[in-house]
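Below is one structure, written out as structure tokens; comments come after it.
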Amino acid sequence: MLDSMIMRYIPALQGVVLAHSNLSFLDDKASIKADCPFLVCRVSFDATVWSPSIGMTLEGRISVCSPDHISILVQRTFNVSIPRHHIPSDWEFEYGPADNDPEFGLDVAQDEDSPENVQGDQEAEHNGGRWVHKTTREPMGKDTARYLQFTVIGLTVANEMLSIVGSLQPDPFSPAHSTGSEAPQPEGEDNDEAEEEVVQLPELDGLEDSDDEDDPFAVLGKSADVELKKDKVTAVKEKKKQKRKAAGDDSQSKKKTKRRHVS
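The sequence shown runs 30 to 292 under the numbering used here.
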């Protein structure tokens with residue numbers, strides 16, 4: 030049972046189990062519950078858990094670059110995705126050469142570049158491009174290994190696997206970096222509505238609250254609540270947009286009727 034938890038996200042432990050040791054039984058006898066074909070007894074063990082949290086700063090190696098996101102591997106194991114709106118505006122995507130372009134063949138790149146540059150630049154080209162600074166044209170990432178620091182802004186659990194959403198912005202939790210952010214409100218409108226439209230980042234609240242006798246894998250179903258919260262926020266925003274549009278149409282129709290009466 031414990032071996033089946035390795036490299037899986039366990040909500041009761043709030044992280045990914047990397048290893049376990051010092052297993053011991055707390056009861057001298059085991060019990061049979063209902064139609065369960067297994068004997069049930071309490072055990073204790075030590076577990077090594079990888080448990081990132083929102084707001085934490087981590088470092089990983091860039092694996093894939095594309096115009097809409099950057100993929101990073103932490104400890105060569107855990108996937109991190111940085112969406113486009115969480116990349117600072119002073120960086121831009123530079124497309125790599127086409128596969129059938131004879132001017133930028135593999136042999137030419139090996140002759141012109143040093144071995145260290147080949148390791149970094151050719152890898153980016155093979156992935157379709159890289160992110161470079163608009164002014165200095167330096168590629169993103171430290172040294173040729175292309176390591177990058179980021180801030181954890183979201184955690185996603187799917188099929189008992191944990192993936193991370195990161196941000197490179199200096200203020201990663203600002204609503205301006207959200208895909209659902211709207212343009213500044215015109216004068217005369219309440220700021221309360223704008224504050225209510227801030228999209229809350231998904232958190233794993235409630236996933237750790239589980240009974241000791243529950244199956245730890247069954248508890249993973251609670252992660253669906255996170256998606257429901259996101260859907261509710263999106264629905265509220267759509268309703269507000271429709272109300273504002275309807276209010277604007279009513280005001281325009283009233284102005285037209287007034288002009289007709291005056292004329």
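We treat Cβ as the ideally placed atom computed from N, Cα and C, and that holds for glycine.
Give me the Cβ distance between residue i and residue j, rounded to the nearest whole Å; I'm assuming they're in contact under 8 angstroms.
| i | j | result |
| --- | --- | --- |
| His49 | Leu31 | 5 angstroms |
| Ile91 | Gly170 | 5 angstroms |
| Val181 | Ile101 | That pair is no contact at about 11 angstroms. |
| Leu191 | Ile116 | Actually they are not in contact, since the Cβ atoms of Leu191 and Ile116 sit about 22 angstroms apart, beyond 8 angstroms. |
| Lys163 | Asp119 | 5 angstroms |
By Cβ distance, which residues of its chain are closer than 6 angstroms to residue i, with the 5 residues on each side in sequence left out?
| i | result |
| --- | --- |
| Pro168 | Arg159, Val161 |
| Tyr38 | Val45, Val186, Glu189, Leu191 |
| Pro269 | Correcting the residue identity first, residue 269 is Lys in this sequence and not Pro. There are no such residues. |
Taking 8 angstroms as the limit between beta carbons, can you name the residues of its chain near residue i, skipping five residues before and five after?
| i | result |
| --- | --- |
| Glu88 | Val103, Tyr176, Leu177, Gln178, Phe179 |
| Lys58 | Cys70 |
| Ile35 | Val46, Leu47, Ala48, His49 |
| Asp75 | His49, Ser50, Asn51 |
| Gly277 | none |
| Arg105 | Arg90 |
Got a sec, what are the start and stop residues for the beta strand (DSSP E) residue i sits in?
| i | result |
| --- | --- |
| Arg159 | 158 to 162 |
| Leu191 | 190 to 196 |
| Ala187 | 176 to 187 |
Going along the chain, which residues of its own chain have a beta-carbon closer than 7 angstroms to the beta-carbon of residue i, five neighbours each way excluded?
| i | result |
| --- | --- |
| Glu237 | Below a pLDDT of 50, predicted positions are generally treated as unreliable, and Glu237, at 47, falls in that range; the measurement from the model is reported next regardless. So the qualifying residues of the chain are Pro40, Ala41, Gln43. |
| His98 | Ser110, Ile111, Pro112, Arg113 |
| Asp234 | In this prediction, Asp234 has a pLDDT of 48, which is less than 50 and means its spatial position is unreliable; what the coordinates show is noted afterwards. Closer than 7 angstroms at Cβ, skipping near neighbours: no residue. |
| Ala174 | Arg90 |
| Ala264 | none |
Using a threshold of 7 angstroms, state whether the C-beta atoms of residue i and residue j are closer than that.
| i | j | result |
| --- | --- | --- |
| Thr86 | Leu47 | no |
| Cys65 | Asp56 | no |
| Gly125 | Gly157 | yes |
| Ile193 | Val109 | yes |
| Ser53 | Ser33 | no |
| Phe122 | Pro96 | yes |
* Asked: Which runs of the beta strand (DSSP E) spanning at least 3 residues fall entirely within the segment 42 to 126, listed in chain order?
  -> The qualifying runs are 44 to 54, 72 to 79, 86 to 95, 98 to 103, 107 to 112, 120 to 124.
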